[in-house]
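Take a look at the structure below.
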Amino acid sequence: MNKIAFFALMLALGLVGGCGNKKEEKKEEKDLARISQKQDKIEVKAAKVRLAPFEMELVSNGKVNARRKAVLAFITNDVVRKVHVKNGERVKKGDPIVSVDELKAGQQLEAARLSWEKAKLELRGRLMNEGINSLEDTLDERVISKTRLENIKLQIGYTSAVKEYEKAVYDYSNITVYAPFDGVIADLEVKEYNQSSAYKEVCSVIDDATMEIVFNVLETEIAHLKAGMEVEITPYANDKVTLKGTVTEVNPKIDENGMVKVRATTDNPEAVLVDGMNVSILAKRQIADKLIVPKTAVLPRQGRKVVFVYENGRAIWKYVETGFENSREVCIESGLKEGEEAIYENNLGLSHECEVTLINKKE
Numbered sequence: 001m002n003k004i005a006f007f008a009l010m011l012a013l014g015l016v017g018g019c020g021n022k023k024e025e026k027k028e029e030k031d032l033a034r035i036s037q038k039q040d041k042i043e044v045k046a047a048k049v050r051l052a053p054f055e056m057e058l059v060s061n062g063k064v065n066a067r068r069k070a071v072l073a074f075i076t077n078d079v080v081r082k083v084h085v086k087n088g089e090r091v092k093k094g095d096p097i098v099s100v101d102e103l104k105a106g107q108q109l110e111a112a113r114l115s116w117e118k119a120k121l122e123l124r125g126r127l128m129n130e131g132i133n134s135l136e137d138t139l140d141e142r143v144i145s146k147t148r149l150e151n152i153k154l155q156i157g158y159t160s161a162v163k164e165y166e167k168a169v170y171d172y173s174n175i176t177v178y179a180p181f182d183g184v185i186a187d188l189e190v191k192e193y194n195q196s197s198a199y200k201e202v203c204s205v206i207d208d209a210t211m212e213i214v215f216n217v218l219e220t221e222i223a224h225l226k227a228g229m230e231v232e233i234t235p236y237a238n239d240k241v242t243l244k245g246t247v248t249e250v251n252p253k254i255d256e257n258g259m260v261k262v263r264a265t266t267d268n269p270e271a272v273l274v275d276g277m278n279v280s281i282l283a284k285r286q287i288a289d290k291l292i293v294p295k296t297a298v299l300p301r302q303g304r305k306v307v308f309v310y311e312n313g314r315a316i317w318k319y320v321e322t323g324f325e326n327s328r329e330v331c332i333e334s335g336l337k338e339g340e341e342a343i344y345e346n347n348l349g350l351s352h353e354c355e356v357t358l359i360n361k362k363e
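All residue numbers in the sequence shown are consecutive under the UniProt record's numbering, ending with 363.
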């Protein structure tokens with residue numbers, strides 16, 4: 001009898017426990033459903049539609065040119081004795097670049113000097129025959145006419161002797177090629193102990209302190225560009241660097257492709273820009289009082305443009321008409337009002353009046 005009572009008691013306790021477990025399971029299911037519902041809401045970011053000046057951007061590709069670039073050549077031809085620099089080396093104005101042998105030029109200079117001295121002696125002799133005792137007297141046309149003096153000089157070879165001496169002085173003074181201004185050496189191919197006549201050019205000296213950028217724009221954009229406008233210059237080789245530049249000229253002529261050539265300049269203190277480099281040009285101008293939203297807020301739907309606006313926890317679908325745009329923002333011509341919250345992030349999968357959670361309420 002005691003055993004029967006014991007088993008009955010255990011059975012009753014088991015039934016009570018089982019009922020309790022079922023109640024707990026149902027409670028957990030309801031909680032999970034509630035959590036799932038919350039998780040189904042899409043988290044989005046929104047920005048207020050604002051009325052402000054809009055920054056219009058004009059983007060183009062350009063080529064960098066040195067504002068000053070000198071192609072140097074040999075003036076005195078002889079054997080190259082010394083190359084003082086190498087490609088990529090920086091030079092100051094007056095620094096030696098290359099030198100040729102000075103022996104031949106020195107001999108020619110001395111020979112020309114002696115010829116000139118001989119011509120001067122002959123000139124004095126002829127003038128004495130004319131009754132003129134001093135070269136200083138030849139300055140007075142009352143003593144001897146200018147024409148008569150020139151004829152005498154030509155007859156004795158004095159004029160040609162002077163020209164030859166001047167040329168010899170010039171050649172000797174140019175046995176070394178010097179840098180005409182501060183810059184960097186490029187295209188140097190000259191080798192020592194070769195004849196200078198074998199080289200058409202010595203090298204180029206590029207002044208890269210200030211660089212010029214040449215770029216083209218469509219004829220429809222010419223009205224938006226003018227001298228003095230600021231531009232941003234970004235090399236394709238290093239897009240982490242952006243330099244500020246200024247438009248210096250807009251060519252008032254449209255080519256056969258409907259393009260207009262524009263030039264801008266920029267300082268290049270770190271030598272980031274190199275002659276011949278390709279760059280991206282960004283010109284900006286402001287347009288007053290435009291409704292502006294982030295570019296990612298505008299979506300294409302059913303052949304039209306749509307912006308989802310956040311209202312009371314829901315995404316509201318609104319058709320819009322857009323105007324100017326740049327790399328970050330779009331002008332709204334119609335469809336939105338200032339102060340509305342345009343959803344710009346995680347908006348691709350939204351539908352009209354779907355529930356959303358705004359995760360940047362301060363913006």
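Positions of the beta carbon are idealized from the N, C-alpha and C atoms, including for glycine.
Check                                                                                                                      : Outcome
Cβ neighbour criterion (16 or more within 10 Å) applied to residue 394                                                     : This structure does not reach residue 394, given that the chain is present from 1 up to 363, and the question cannot be answered.
Beta-carbon contacts of K268 that lie in its chain and below 7 Å, excluding the five residues immediately before and after : The residue you asked about is not Lys; residue 268 is Asn in the sequence shown. Once the five neighbours on either side are set aside, the close Cβ partners of N268 are D208, A209, T210, M211.
Inter-residue spacing [alpha-carbon to alpha-carbon] between G94 and V177                                                  : 9 Å
Residue interval of the alpha helix (DSSP H) (run including I156)                                                          : 146-156
Residue environment, S196, which counts as buried when at least 16 other CB atoms sit within 10 Å                          : buried
Pick from M277, I233, E256 that is closest to A264, judged by C-alpha positions                                            : I233
For S334: DSSP bridge partner residues                                                                                     : E321
Residues near E164 by beta carbon distance below 6 Å, same chain, minus five either side                                   : A112
Three or more C-beta pairs below 8 Å linking the stretch 147-161 and the stretch 95-105                                    : no
Cutoff 8 Å; reference L51; Cβ partners in own chain excluding five residues on either side                                 : D289, K290, L291, I292, E338
Which listed residue (R314, S280, K63, G62) has its alpha carbon closest to that of I42                                    : R314
CA nearest to the CA of L273, picked from Q286, V241, N346                                                                 : V241
M128: first and last residue of the uninterrupted alpha helix (DSSP H) it sits in                                          : 103-129
Touch test, the stretch 68-82 against the stretch 179-187, Cβ-Cβ under 8 Å, three pairs minimum                            : yes
Local Cβ density within 10 Å of K45, reported as buried at 16 or more and exposed below that                               : buried
Beta-carbon spacing of L258, E219 below 7 Å                                                                                : Correcting the residue identity first, residue 258 is Gly in this sequence and not Leu. Result yes, Cβ atoms of G258 and E219 sit closer than 7 Å.
Selection from M229, K253, A297 that minimises the alpha carbon distance to L282                                           : M229
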